Amino acid sequence: MKRRIKQTLPIILVFVGLALTSSLCKAQGVLLRYNLKVGETVSINTTIDQNMSIMGQEMTTTLTMRMYMTATEKTDSIVTTQAKLKAVTYNANFMGHTVAFDSDHLEDADPSVAESFKGLLDKTFEVVYDIYGNIISAPEEYPQEQGVTAVFPKEMVYEGSQWTRNTKSEINGETAQSVGTYTVKKITEEDTELEITGYINSDSGSIKSDLNGTMLIENETGLPISATLRLPMTITVEGTTMSAMQTISLTSEKVH
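The C-terminal position of the sequence shown is numbered 264 in my numbering, with every residue numbered one higher than the one before it.
See below:
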């Protein structure tokens, strides 16, 4: 009997250890903050795909952007960055007609879109964030898609934690309300996985969109390592309603 107890004891200790480890992992919390260090530079790559149905015809567009962002100043409450758009590609297809732009081949760029992008390339934008990820200030022409970040709560979060962000913005000259709910799906020592659900509606009702996706946040800096956001929407113009699907994909990495 004593021998059996001695043989069984290590097995019991293993199960107890596993149970404690599982419990600790579930209880692990993180205080998420936008915390890019002064002098650090991050490369942000964004792809925006959109499919739109217009009077029975499909229009597809793909926009890719690569931007470098460097933290230049930092206080206890804000982080000031300088962002520079380094590369852009754009392709649109509608009814057999293609419009294209590639910043690496400006000589082949379609004149109808070239001027729009040329003015943004290599231009430095000063963008100020607070420590919760909100953009405090940015130039009007700054491509907001490049500034995709999560907005963090003041308190520590755990697996299953939820918080909601409500904002007002302008889309095509209209005021729109954006509501996004963040849910913590997983926390590790290095990063935190978030699920995002919500909607974007213009005050006039001409733009209605659901919002869903995922985002992986680096715990140390609060930066999104990767993100995918899907926005199925309807757009009404002069009584005609069009449906569209927009997908925003983002990856980032430290350059130095």
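C-beta: ideal position from N, C-alpha, C; glycine also. Values in this document were obtained by computation on a predicted structure and should not be read as measured data.
field: Separation of residue 214 from residue 182, as counted between CA atoms
entry: Their backbone Cα atoms lie some 9 Å apart in a straight line.
message: Comparing C-alpha positions only, which one of 230, 247, 249 sits nearest to residue 262?
response: That would be 230, whose Cα lies nearest to the Cα of residue 262.
query: Unbroken beta strand (DSSP E) runs of length 3 or more, entirely within the region 102-182: which are they?
result: Inside the region 102-182, DSSP marks whole beta strand (DSSP E) runs of 3 or more residues at positions 105-110, 132-138, 143-145, 170-179, from first to last along the chain.
task: In the DSSP assignment, find the unbroken beta strand (DSSP E) run with residue 287 in it and report its ends.
output: As shown, the chain starts at 9 and ends at 264. That puts residue 287 outside it, with no answer to give.
- request: Work out the CA separation of residue 220 and residue 116 for me, nearest whole Å.
  value: Each residue's Cα considered, the two are about 36 Å apart.
task: Determine the extent of the beta strand (DSSP E) in which residue 46 is found, giving its start and end residues.
output: In the DSSP assignment, residue 46 falls outside any beta strand (DSSP E) and carries neither an H nor an E.
- prompt: Who are the Cβ neighbours of residue 267 in its own chain at under 8 Å, not counting the five residues just before and after it?
  reply: Residue numbering for the chain in the displayed model covers 9 to 264; residue 267 lies beyond these limits and cannot be assessed.
field: Beta-carbon contacts of residue 20 that lie in its chain and below 8 Å, excluding the five residues immediately before and after
entry: For residue 20, the predicted model reports a pLDDT of 47, less than 50, meaning its position is unreliable; a value from the coordinates is still stated below. Hits under 8 Å: none found.
task: Mark residue 226 as exposed unless 16 or more other C-beta atoms lie within 10 angstroms of its C-beta, in which case mark it buried.
output: Taking all protein chains shown into account, residue 226 has 16 or more neighbouring C-beta atoms within 10 Å of its C-beta and is therefore buried.
message: residue 159 and residue 88 - do their beta-carbons sit closer together than 7 Å?
response: The Cβ-Cβ distance between residue 88 and residue 159 does not fall below 7 Å.
query: Leaving out five residues before and five after residue 145 in sequence, what residues of the same chain have Cβ atoms less than 7 Å from its Cβ?
result: Cβ within range, chain order: 136.
- request: Express the C-alpha separation of residue 92 and residue 69 in angstroms, rounding to a whole number.
  value: Their Cα atoms are separated by approximately 23 Å.
- prompt: Below 7 Å between beta carbons: does that hold for residue 50 and residue 77?
  reply: Yes, these two residues count as a Cβ contact at 7 Å.
- prompt: Can you tell me where the beta strand (DSSP E) with residue 217 in it begins and where it stops?
  reply: Boundaries of the beta strand (DSSP E) harbouring residue 217: 215-226, taken from the DSSP string.
message: Buried or exposed, going by whether 16 or more other CB atoms sit within 10 Å of the CB of residue 174?
response: Result: exposed.
Beta-bridge partners of residue 202, as assigned by DSSP: Under DSSP, the beta-bridge partners assigned to residue 202 are 192, 223.
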